[in-house]
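There are 2 protein chains.
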Amino acid sequence: MQEIRNFIAQNRGRFEQELFELLRIPSVSNNPDHKADMEQCARALAQGMEGMGLKKVSVHPTKGHPIVTGEWMGAEGKPTVLIYGHYDVQPEDPIEEWESPPFEPTVREGQVYARGSVDDKGQFYTHFKAIEAYLRVKHSLPVNVKLVIEGEEEIGSENLRGFIKIHRESLKADYILISDTPMFGRGMPSLCYGLRGLAYMEVEVKGPSRDLHSGSFGGAVANPANVLARIISALVDDNGRVTIPGFYDDVIPLTDQERKEFASLPLDEAAYQKELGVPSLSGERGFTTLERVWARPTLDVNGIMGGFTGEGAKTIIPASAKAKISMRLVPNQDSDKIAEGFEAHVKKLCPPTVTITIQRHHGGNPFLAPLDNPGIQAAGRALEKGFEKRPVFIREGGSIPIVATFDEILGKPCILMGFGLPDENSHAPNEKMDLDNFYRGILSSAHFLQELAES
Amino acid sequence: MQEIRNFIAQNRGRFEQELFELLRIPSVSNNPDHKADMEQCARALAQGMEGMGLKKVSVHPTKGHPIVTGEWMGAEGKPTVLIYGHYDVQPEDPIEEWESPPFEPTVREGQVYARGSVDDKGQFYTHFKAIEAYLRVKHSLPVNVKLVIEGEEEIGSENLRGFIKIHRESLKADYILISDTPMFGRGMPSLCYGLRGLAYMEVEVKGPSRDLHSGSFGGAVANPANVLARIISALVDDNGRVTIPGFYDDVIPLTDQERKEFASLPLDEAAYQKELGVPSLSGERGFTTLERVWARPTLDVNGIMGGFTGEGAKTIIPASAKAKISMRLVPNQDSDKIAEGFEAHVKKLCPPTVTITIQRHHGGNPFLAPLDNPGIQAAGRALEKGFEKRPVFIREGGSIPIVATFDEILGKPCILMGFGLPDENSHAPNEKMDLDNFYRGILSSAHFLQELAES
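If you want it as structure tokens, here you go:
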């Protein structure tokens, strides 16, 4: 390993320059004007894979943006790891808030500022450079690798899903490695082993066939907006618990060990509250903030609308009112089952004085990697060697839909070894990535391949 | 009186033609393009007043549209009645839904179709013709009259308010007569003796300083839309009663006599429900539909908005959510006192995990005419003679702001003697007025002046 580490150390500057080249390509997936840039970026990645010695390198056209794949399968008898990343980036707006141009990587105080730096080019590229190091130094890898880099993560990975289904056999792997999550904090290498799922619903309450004058008719008919408020209010109790029958039945409780480890993490609640701008934190009684966000289900109104919402006053009883309501789910809640429970409960809460329609938007199951999985264990040891610090095991409150997809289609858990920092402005102006984390990410990736071979 | 009745009967056709002339003037107050029409209409009314022998006829310019006044004060020792009406009309849109041109009065099956026919030209014009009958036949009126016809009722009567304040002395009267309300139904002469008031509020709940990702932060902070729903829900109890402390303290209960009279009115609840398009009627427990709409206070959400309201799904915790909430008030609730109670109660309901701001929009006090007032009694007898049927005493769920203004500034109750029908499409296409009601309205007005003189 020392040879590999030396190679990485000696080539650190070149690796950064190559990353910067990648960051100069404005691969914005949601904007048709960038179609040529998307293709250029895919080609550049394919050339990079060829250059470092991967086999079967392909740029797969899709209905949207291309998917780039490559592999090295020369480690007979050794496990195979599928490495996923995405080369598409968020739009740069609002452009005027950037301190340096979004597609001209600029280094300030050890951070490279550029759109896509941390999300996700700078993260998945660590694995490119780790693989390159092995193939240059040893002409082989300790394990088999398959790379899948897509160009539509920021717009829903629609075409990747079909691609994985079709190529289920050729994508077979023992482990899936994704670097697209943040570390808990600076100097805290982190392994994310849990994600929340989602059930996203839309409820519409309909009353009279038209908006009614609230003077002439107020008091005679149920007001759909009042009814909707009552329904929403009844969905969560005074302790912050969701009232849908059976909602908590499948929730895996946090172990004492997990609660202890969460509690040991340095979350500065006062700073967190100040940053969010809320008068106080709030949530389910009996749980800490990290427990609430990482390991407890929630029910949130994402949007609500009905009646007159312009300036001033209009005295109407709205004909209808609707709300988008989503639930974050935790292992082992099932998104479909929860959606059904929601529908049944909301219908029961709804009085016969109005009619109600409930629509399901997208959903996804939560994810929990078994902490005793050899891949997770190997990743933990690798991070410790890459960062020279014991990693923390964390969860994430959001969902990464592609993780559930891999889990479901390939039947293997994902190892989420992220090298970003929580304040690196992914999806915002002045996105950046810490170059020391980029370097330690390459080291960690190299160690991971080795650890996996030995585990 | 028989002479007067004969004159009115003999001139019925001419009166209708004169009304049609007035209806041909497109006096749409909300549209600056009709400024000249407004002035033409005001001049036509002044000429009509001069022609029938009123004194001190004036067209008063205002910052908006002119106010037309005239008087006849020759009945020494007799009471004075101030007659109010408005010559402005609603816009004609959507023009394509009119079966005949809105400003070309067209008679079909005894109804004249035209914008402004029932609201309010055809109604206030009954009094013009009753006065004319007396002045032609007897060269005098049984009581003193003052006419005030404004041109801004459909846009808020802003300038009339100031006009009344300034001319408080010269507008002094014993009774105020307004014909701008509907009858309970065809063949049911109606005297409206109560209106509801209003307190219109806007509540905004603010949480985080920006929309938050509902995955990364859901569970850690209070969701302003959920909080707003809880507050709204808590404002009305399961019996449909408003929970604001003291809310009902000043409510004058319906008398047994009133409840009996309301109950005797032929409200077809099934047809009413069908027309409104609701699955069932609903309201405060223990009261009938008419009682709920006419004589019980309500609390209705007029509009609600927060977070993502577009198509599809967006997983955010909204930074804020707001609602417009108005309460209809009944005698003797006080609009300001109720608004204060609302503010205090909502603040109390709001948890410390969010901040709240409450804004007051317009309000107005309810109105209740004393049924034993000699003017009301005289109006009742007059309607019976004009329509040859006993009148019904009704209330109205809405507010007529100018009624409260007259009540407050002049200190006299309004007599609301309406000649419209509930289905005559005021504010909608194909507005119409029943010509028999127009004729009987003139007779009723003539009888009213006589009854008032004798009372």
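Here the protein sequences come in this chain order: A and B.
The first sequence begins at 1 in the numbering used here and counts up by one.
The second sequence begins at 1 in the numbering used here and counts up by one.
Even glycine gets a Cβ: it sits at the ideal position worked out from N, Cα and C.
Short CB-CB distance (under 8 Å) between residue i and chain B
i	result
lysine 314/A	yes
proline 413/A	no
glutamate 284/A	yes
lysine 121/A	no
methionine 49/A	no
serine 320/A	no
proline 429/A	no
lysine 432/A	no
lysine 35/A	no
lysine 324/A	yes
Contacts of residue i in chain A (Cβ-Cβ under 8 Å)
i	result
threonine 298/B	Ser214, Gly218, Gly219
valine 293/B	Ser216, Phe217, Gly218, Gly219, Ala220
8 Å Cβ cutoff, residue i in contact with chain A
i	result
leucine 276/B	yes
arginine 390/B	no
isoleucine 338/B	no
arginine 24/B	no
arginine 196/B	yes
glycine 441/B	no
glycine 397/B	yes
arginine 328/B	yes
lysine 172/B	no
Status (buried if at least 16 other CB within 10 Å, exposed otherwise) for residue i
i	result
glycine 218/B	buried
serine 280/B	exposed
isoleucine 8/B	buried
serine 282/B	buried
histidine 447/A	buried
serine 140/A	exposed
glutamine 111/B	buried
methionine 1/A	exposed
asparagine 6/B	exposed
Chain-ordered neighbours of residue i on chain B, where CB pairs are closer than 8 Å
i	result
tyrosine 200/A	Ala313, Thr315
lysine 63/A	Within 8 Å Cβ-Cβ: nothing; lysine 63/A doesn't reach chain B, min ~19 Å.
7 Å Cβ cut-off: residues of chain B touching residue i
i	result
threonine 309/A	Gly303, Met305
glycine 207/A	Val278
lysine 260/A	Ordered by position in chain B, no residue passes the 7 Å Cβ test against lysine 260/A, which lies about 20 Å from the chain.
Within 8 Å, strictly: CB atoms of residue i and residue j
i	j	result
proline 59/A	arginine 43/A	The sequence shown places valine at residue 59/A, rather than the proline named in the question. Yes; because the gap between Cβ atoms is below 8 Å, this pair is in contact.
proline 351/B	valine 227/B	yes
glycine 151/B	proline 66/B	yes
alanine 379/A	proline 142/A	no
isoleucine 304/A	methionine 305/B	yes
leucine 265/A	valine 392/A	yes
tyrosine 193/B	arginine 395/B	yes
threonine 181/B	leucine 416/B	yes
valine 203/A	isoleucine 325/A	yes
tryptophan 98/A	valine 145/A	no
serine 444/A	valine 118/A	no
Contact set between residue i and chain A, taken where Cβ atoms lie within less than 7 Å
i	result
leucine 281/B	Ala220, Val221
threonine 289/B	Ala220
Interface residues of chain A facing residue i [CB-CB closer than 9 Å]
i	result
lysine 78/B	Near lysine 78/B there are no residues of chain A at all, since even the closest Cβ is about 36 Å away, more than 9 Å.
So if I threshold CB-CB distances at 9 Å, which residues from the stretch 343 to 361 of chain A count as touching chain B? Pro351, Pro352, Thr353, Val354, Thr355, His361
Got a sec: which bits of the stretch 136 to 166 of chain B sit with their beta carbon under 9 Å from any beta carbon on chain A, in order along the chain? none
Note down, in chain order, all residues in the stretch 226 to 246 of chain B with a beta-carbon under 7 Å from any beta-carbon belonging to chain A. Asn226, Ala229, Arg230, Ile232, Ser233, Val236
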